[in-house]
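Novice:
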Amino acid sequence: MTGARAAVIGLPFDCGRHPKRVGARLGPAAIRYMSTDMVRHYRPDDPGDFDPVRALGLVDCGDVPVVSAEVESSVAIMAEAVSAVVERGVLPICMGGDGVISLPQMQALSRKYPDLCVLHFDSHTDAYPEAGNETAINPATTFSYAVEQGYVDASRSIHFGLRGFSYVPRVFDYTRGLGYQAIPMEALESEGVAGLARRFKETFGDRPVFLCFDMDFFDPSAAPGVFTPAWGGATAREGLGLLRALKGINFVGFDVNTLTPGADLKGQTAWLAATVMLEFCYLACDALGLTPKGGAAAY
Numbered sequence: 001m002t003g004a005r006a007a008v009i010g011l012p013f014d015c016g017r018h019p020k021r022v023g024a025r026l027g028p029a030a031i032r033y034m035s036t037d038m039v040r041h042y043r044p045d046d047p048g049d050f051d052p053v054r055a056l057g058l059v060d061c062g063d064v065p066v067v068s069a070e071v072e073s074s075v076a077i078m079a080e081a082v083s084a085v086v087e088r089g090v091l092p093i094c095m096g097g098d099g100v101i102s103l104p105q106m107q108a109l110s111r112k113y114p115d116l117c118v119l120h121f122d123s124h125t126d127a128y129p130e131a132g133n134e135t136a137i138n139p140a141t142t143f144s145y146a147v148e149q150g151y152v153d154a155s156r157s158i159h160f161g162l163r164g165f166s167y168v169p170r171v172f173d174y175t176r177g178l179g180y181q182a183i184p185m186e187a188l189e190s191e192g193v194a195g196l197a198r199r200f201k202e203t204f205g206d207r208p209v210f211l212c213f214d215m216d217f218f219d220p221s222a223a224p225g226v227f228t229p230a231w232g233g234a235t236a237r238e239g240l241g242l243l244r245a246l247k248g249i250n251f252v253g254f255d256v257n258t259l260t261p262g263a264d265l266k267g268q269t270a271w272l273a274a275t276v277m278l279e280f281c282y283l284a285c286d287a288l289g290l291t292p293k294g295g296a297a298a299y
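Okay, structure coming up:
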């Protein structure tokens with residue numbers, strides 16, 4: 001990783017819990033496949049002809065060796081792999097995998113950034129209650145567990161895109177009870193992209209932020225191949241536009257997750273996930289001060 005400012009890490013893990021859509025473990029391979037010729041680095045309206053991948057010296061560290069459904073041991077392995085990158089001063093850009101992959105990233109990032117905040121784009125909070133005295137690790141409790149373990153400052157963290165139906169009642173109230181902001185998808189219509197971006201920036205200030213992007217934030221018409229789809233999500237234009245509006249936030253890590261290739265339609269969701277990864281690269285360049293003056297005009 002000599003000279004690299006950011007690194008891609010594949011986290012090919014899923015808990016195997018979904019009755020019909022197991023297979024998010026295949027997400028990293030699908031994203032890499034669609035990245036080879038379907039994602040182009042230059043924006044035609046950018047007068048600086050800026051290539052964020054080259055500016056970052058981006059390297060692909062490959063996939064972390066995990067065993068799906070072996071949750072605790074795999075989370076520990078993923079946390080150590082991400083820590084190895086973070087400790088070298090390299091910004092991690094991860095791809096999964098189901099929503100559990102965000103947990104080891106928060107664990108690793110919190111070691112360097114004890115005041116870590118989270119911006120979570122998802123149709124679900126993934127901060128659900130768990131029976132018993134200690135929260136079990138699964139895709140529904142990722143962010144409950146993160147608060148329990150002290151990995152994030154919930155009071156300055158946001159879940160956005162929330163919608164749809166739930167197996168348990170009052171899950172948004174439970175999420176807010178943990179300290180998180182929980183913002184329904186309807187805010188995109190009422191506040192617009194610019195208003196939401198301003199709200200996010202006011203919440204985070206200059207704090208270090210981990211951006212966790214669940215592909216079911218998009219409507220299934222744009223991203224059919226996801227772990228738990230929910231109607232009424234963002235269009236591709238809205239989702240990518242919102243990412244571009246986040247310039248100025250102090251991002252220290254990124255992930256895209258829940259791509260489930262077995263439910264995808266001719267690679268449509270994988271292609272969109274690969275495009276989200278490219279937007280991460282632009283945001284990483286901004287956070288690291290690598291965007292040249294006059295470059296990345298599409299922001």
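The sequence shown begins at 1 in full-length UniProt numbering and counts up one residue at a time. The C-beta atom is built at its ideal place from N, Cα and C for all residues, glycine as well.
1. For residue 133, which of helix, strand or coil comes out of DSSP?
2. With DSSP as the reference, label residue 4 as helix, strand or coil.
3. Going by DSSP, what residue range makes up the beta strand (DSSP E) through residue 184?
4. Quick one: Cα of residue 185 to Cα of residue 248, how far?
5. Alpha helix (DSSP H) containing residue 78: first to last residue?
6. To the nearest angstrom, report how far apart residue 53 and residue 278 are at their CA atoms.
7. With DSSP collapsed to three states, give me the class of residue 164.
8. Just grab the DSSP bridge partners of residue 92 for me.
9. Just how far apart, CA to CA, sit residue 163 and residue 170?
10. Near residue 275, which residues of its chain fall below 7 Å by C-beta distance, leaving aside the five closest residues on each side in sequence?
11. Taking 9 Å as the threshold (C-beta atoms), are residue 147 and residue 61 in contact?
12. Is the beta carbon of residue 255 less than 9 Å from the beta carbon of residue 211?
Specialist: On the basis of the coordinates in this document:
1. With a pLDDT of only 48 at residue 133, under the threshold of 50, the placement of this residue in the model should not be trusted, and no figure is reported.
2. Three-state result, residue 4: coil.
3. 181-184
4. When only Cα atoms are considered, residue 185 and residue 248 end up about 22 Å apart.
5. 71-86
6. 8 Å
7. coil
8. 7
9. 12 Å
10. So the list reads 39, 240, once near-sequence residues are dropped.
11. Contact flag unset, no.
12. Going by C-beta atoms, residue 255 is nearer than 9 Å to residue 211.
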